[in-house]
Every structure is written in structure tokens, then in C-alpha cells.
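Taking it in order: structure first as C-alpha cells, then the write-up.
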Amino acid sequence: MRAQVWLVFIPFLVIFSSSKGTPVTRSPSRVPNPTGSLDKREACKFDFENGLHGWEKTGTAFNNQPTYGDNPTARNRGQPAKQQGDWWIGGAEDRPSIMSKAGLLQGDRPQGTITSPPFEIMGSLIAFLIGGGCDINSVRAELIVNNKVVRRTAGKCHETMTRQFWYVRDFIGQRAQVKLVDFSSRGWGHINFDDLEGDITCSNLENTGLRGLGFTTDILKTDISKESCVFDFEEGIDGWHRTGSAFDSQPTYGDNPTARRRGQHANQQGNWWIGGYERRPSKSAPAGYGQGDGLQGTLKTPSFIIGGKYITFLIGGGCNINSVRAELIIDYEVVRKATGECHETMTRKFWEVGDFIGRTAQVKLVDFSSGSWGHINFDDLRGDITCSAPENTDILDKALCSFDFEEGLDGWVRTGTAFDNQPTYGDNPTARNQRQPANQHGDWWIGGYEDRPSKWATAGRSQLDAPQGTLTSPTFDIQGNYISFLIGGGCDVDAIRAELVVDDRVVRNATGNCHETMTRKFWYVGDLLGHFAQVRLVDFSSEGWGHINFDDMKGDIICTGSNEDIDTFL
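Printed below as a string of C-alpha cells:
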């Protein structure tokens, strides 16, 4: 179900000057705000219905673009383009006008790039259609932020374009561009692309004199300021509501379909997921057991607030949407639903929810079948959603806090020697040619392997994995549902981990992915509201990947400004 949009074409002339590529004029497609709550910019999309105005070309691969109509079908390719509208980027096609003969192609020989006008990232997701070649080293779409490639995607060696998404919450407020790359002249040496949209605004319009021409642009405001949340089951199903018995053994640990030799891997995110057929509810439970399809029931999320255009999740299992499905519920009404493909392997699907921005919603997993494929697999529900938290008037007199190490380690307590050289300045893994960027927030972070404790220290030095120790945060007060942080480094949770400690008890833990690049993870802490807590970084390993990377811990937490053991640190 796709929301109706109105495209407004406003012609005007702006000349880009560049030392690279061809300067061209631009005429953006603009999407009106669906709610009437407006600021000073407007969401935009690039769908090529008005040509390539504003895009910058190099080489010859895109000289005949955009392509009109479903040219692969016209040349009997057997793989329809599935474009949005009439115009799209078809890297192998040669139908640059309505009057051109259908079915002609230019082949894979030309090479080149084409780069979008700048836009501003305002939310969590960017969506697009992509097809064509599948060698990401030579044919791809890139997202560029601050002259750095931060995301990239290729096709599937198939002319038919499919919808893919980039999660871009880390870049909110930053200017970006998308570049299509074709550096191949071999088979499948082309890219197909269309309908770039999402939480983006054409903020560059402000720099082109449009205000002097009387044009204004708009961007949606939702008055939502809480932390974005995900439901990935890594901390269980606290806050979810169950009926029946289908989900009594959930979540499932590990790739249990593979363990029972199903020949269809789960493709879960992390260790824990909803496997409706599976029966491995703990790490210590025997792998490979199933509960079958006989059980029925439902499982419903806590409430959340929709803050943008997309919600994404992994889904698998049964394919009869009448009896096995995921539902999006708003005001007691099912507004979206999805099901699996009668396959245990979960694939990513998306709901477009721009019509419901600012509304409170829930997702319900439904299993009303006891027949074959009478189960649902589900994981990693995320997107432009924020988890609503109960009101707490005490918060008004206090300040939410975060730990990002930009001001050092004041108040943190160390034991051992693992963290003696922390925090780390800059992207030291890149400086030592690790080819795994730290992805830190700001300049300073915890890099357990690194040895660059000041701006003036030589970049690229390391202390290796030998030191061991712990690093414990000051005490804070949990006042909402989520705590989020960046984590990387080692992946052995028994020896390398971040712990959430409440009442001297470890209630949550997380580890890295044996990769220097930190990624954002979340702990659900709605069951711990009002408790005092600390986060402790643990490094009890001197072997390979015996270190932890950590940064930007934040959420609905209030800093009490105390640490009982602070004297040992000072």
C-alpha cells in the first residue's frame, strides 16, 4: 500500500560549477508535507521523471539516461525493469526518449559515474530501487557524506529492480549525495536505479538563491525527541504481550533451522529471534529441536511512535497471510500486514508509513494456523520509530546525560591496565591501515587496542590485546525504555563485553562483532525504570580480539553525578 504523492515541477535555472564532470541545470521533484506541520524545507525524491537535472556525469555510461519505459521487456529480456513511473536509470539500455525505438541497448562497455545533487538527511532511512550488476567492487550505488562513502549497494545480476534501504540515522543533519558507479565493461557491467526517496530534504536549494525567486521549501516536524528504538530480541521479549501458546518458547537462540538440518538458515540479526517452529529458548538448551506447527497465538510489541516514512523488519516462515502474518496496528485497526514466503530464511521487508507520522502504533505477530507452515519467523524491527516512555516529572529538574568521552573519563572507575591509554583520539584503526574504520561519534572513544591517548600522540600506534581490566561509568538513573551505544572489537561475550549493572547485578550485556568498526546497539530497560545503574566495560582476554571498542552511550538516563568507587580512580 503506497501513499499518494503529488509531484510539483517548478522550472528554474541554477548552474553548478565543478572541476569534475559536467555542470547541468536542476529541477527537483518535491513531495508535499502530509500533515501540514511544516518548517522551512521540503522532503524531496529523485525519480527521473523530470530528467537528470542537477546530476553530474563522468565518463559515458550514463550518456543515454534516463531510460523511457520497460526497455528490458521490449527487448524480450524476460526480466521486467519494475521501474517507478516512466523514467529510470537503465545502464545497458538505449532508449533516451519516448520517440526512440524500444528494445535497443548500448551494452555493458561504457563506464562512468553519475552523482546526485546534495540533500540533507533528516531521518533514519533512505530507499531506492536497484538492479543490474552484482559485483559491488565495480558496479554499485554509493552514499557519500563529507566526501566519504558510508553506504554502498549493488544489484543481483538481474534487470528487475528491487527496493533496498540504507539505515542512516547516524548521519541525521548532514549533507549527502548518492553516486552511481559503473567501472565495468564485462557482463552485467551496468546498474539500474530509480525512485531515490526517504527522510531527505533538498537543503541545497537554500544556497541557490531560491528565496530571492520567492520559492520556499518545507520539512516535516513531529515534535518527537526520544531515542529511536529497535526490537531485536537480544534482551528477550520484555514488554511484549502474548496470547495462546505459539510464542511460549520465544525468543529462539541461534540458527536453529540449520542445527536441525533444515537446509534453510534463519538469517537472524544477532543471536536471538522469533522462530515460531523452533524450541531453543536458551543458550544452554539443546540445538536442533522444534515445537512444530500445532501451537497458535499472538505476540504484540510495546507501543511506539512513528516518526518517519519507513518501518523495516526480517520475516520468514509461513506464507498464508490469512493465518500467519505480522500486522501494524494503529487505533485498533490493522493498517499494514506482511507474511513470509514458506521458507525458514528471513528476508527484509519494509512498510511505508508516512501517512501515520506522529501516531502511536504496535506490531502484532499472528499465528492462527496448526497446518503445514503454520508459524512465523521475525526479527530486527526498526526504522523511524521512538519508544514512548511513561511520564516522570522528576526529570524536569534534571538533565539527560550521555557518555561520549569528548571530555575524557571523569567519574569512570578503572581496574587493571586495559584502559590506561583511554580515551582514544580519532580513527586510529584507519591510521594503522586496519581498513576497518572506528565509526566513532566525535573525536574521542574507547579503543581497547589503540594507543593514541592525546591529539599530539603519534597516530597508528597500538597497545595490542595483552592488557586486561575493567572501566565502569558513573551512576545514572534509568528514566525510559532504551539505552543505546556504539560497540565493536572482540566478539567473545564471556571475556569481552559491555555490562549494564543494577543493584550489583549484571542485567544486560553486549559484545562486538570481531571487527574494529563500531555499530549501534540497544538495550531495552523499560523493566528497570527508576533504578540506579552503571555500565561496565570488561576486557578479560589477552588473546586475539581481546579488546573492546565503545562510544556514545545515551538514552533516557539521568546522571546522578556520583560514583561510590570514584576515589579508587582518582
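Per mature numbering (1 follows the signal peptide of the UniProt record, and there is no 0): the sequence shown = residues -21 to -1, 1 to 549.
Don't be surprised by glycine CBs; every beta carbon is placed ideally from N, CA and C.
It should be emphasised that the depicted structure is a prediction, and the values quoted were computed from it without experimental measurement.
Cutoff 6 Å; reference residue i; Cβ partners in own chain excluding five residues on either side
i, result
"residue 558", "Since the first and last residues shown for the chain are -21 and 549, residue 558 lies out of range."
"G505", "G218 and N460"
"R304", "K316, T318 and V345"
"L278", "W219, R221, F226 and L344"
"I151", "I100"
"V313", "E306"
"F398", "G448 and L450"
"T92", "T37, K158 and V160"
Straight-line gap, residue i to residue j (C-alpha atoms, nearest Å)
i, j, result
"G276", "N246", "23 Å"
"T280", "H220", "7 Å"
"S349", "P416", "48 Å"
"Q341", "K24", "28 Å"
"T139", "I109", "8 Å"
"F329", "F144", "9 Å"
"L104", "R130", "12 Å"
"A264", "F455", "35 Å"
"A436", "W423", "13 Å"
"E213", "E386", "31 Å"
"Q85", "Q243", "39 Å"
"P11", "D174", "At P11 the pLDDT is 38, less than 50, meaning the model places this residue with poor confidence; the figure from the coordinates comes in the next sentence. If I take the Cα positions, the gap works out to 16 Å."
"L516", "D444", "15 Å"
"I179", "L274", "44 Å"
"G255", "I355", "5 Å"
"I170", "M325", "26 Å"
"R56", "H137", "10 Å"
"W502", "R487", "7 Å"
"D406", "R154", "21 Å"
"Q62", "W167", "18 Å"
"T132", "A120", "5 Å"
"I336", "G426", "38 Å"
"R240", "G267", "8 Å"
Neighbour-count burial assignment, residue i, 16 or more Cβ in a 10 Å radius
i, result
"Y461", "buried"
"T231", "buried"
"I253", "buried"
"G102", "buried"
"C181", "buried"
"Q270", "buried"
"Q90", "buried"
"T339", "exposed"
"K80", "exposed"
"P(-11)", "Caution is warranted here: a pLDDT of 36 is assigned to P(-11), below 50, making its placement in the model unreliable, and no coordinate value can be reported."
"T94", "buried"
"G362", "buried"
"V485", "exposed"
"I536", "buried"
Opening and closing residue of the beta strand (DSSP E) in which residue i lies
i, result
"N116", "First-last for N116: undefined, no H or E at that position."
"A53", "Segment N50 to A53 is the alpha helix (DSSP H) holding A53; no beta strand (DSSP E) there."
"T92", "G91 to T94"
"T409", "T409 -> not in any beta strand (DSSP E); alpha helix (DSSP H) instead, spanning N407 to A410."
"K127", "K127 to T132"
"Q341", "T339 to D346"
"I216", "Here I216 belongs to no beta strand (DSSP E), and DSSP marks it neither H nor E."
"H494", "H494 to Y503"
"W145", "H137 to Y146"
"T318", "Careful: T318 lies outside any beta strand (DSSP E) and carries neither H nor E."
"S103", "F98 to G111"
"G69", "W66 to G69"
"E35", "E35 to G38"
"Q513", "F511 to D518"
"F398", "F398 -> no beta strand (DSSP E), and no H or E assigned at all."
"E522", "Counting along the chain, E522 falls outside any beta strand (DSSP E), and DSSP gives it neither H nor E."
Span of the alpha helix (DSSP H), counted from its first residue to its last, around residue i
i, result
"residue 551", "With the chain covering -21 to 549 only, the question about residue 551 has no answer from this structure."
"A238", "N235 to A238"
Chain-order list of residues whose beta-carbon lies under 7 Å from that of residue i (same chain, five-residue window excluded)
i, result
"I203", "Confidence at I203 is low in this model, with a pLDDT of 34, below 50, so the placement of that residue should be treated as unreliable; the coordinate-derived value is given next. Excluding residues within five positions, the ones whose Cβ falls inside 7 Å are I284, G286 and T365."
"R411", "G439 and S441"
"D65", "E28, Y47 and G48"
"L83", "D73 and R74"
"G469", "I475, T490, G491, C493, S520, W524, G525, H526 and I527"
"R54", "G82 and L84"
"N250", "E213, Y232 and G233"
"P402", "F384, G387, L388, W423, W424 and I425"
Neighbourhood of residue i by C-beta, 8 Å cutoff - its chain only, sequence neighbours within 5 removed
i, result
"G193", "Its pLDDT being 27, under 50, G193 is placed unreliably by the model, and the measurement read from it follows with that caveat. For G193, where only same-chain residues beyond five positions count, there are no Cβ hits under 8 Å."
"L360", "V209, F210, D211, T280, I290, T291, F292 and V342"
Contact test: residue i Cβ vs the ligand NAP heavy atom, cutoff 6 Å
i, result
"N407", "Ligands are entirely absent from the displayed structure, and the ligand NAP is therefore not among its contents."
**OP:** Take every Cβ of the stretch 48 to 58, pair it with every Cβ of the stretch 117 to 125, and state whether three or more of those distances are shorter than 8 Å.
**Re:** no
Original post:
Between the stretch 518 to 526 and the stretch 472 to 492, do at least 3 Cβ pairs fall closer than 8 Å?
Top reply: yes
Original post:
Counting pairs of beta carbons, one from the stretch 160 to 172 and one from the stretch 112 to 119, are three or more of them closer than 8 Å?
Top reply: They touch, by the three-pair rule.
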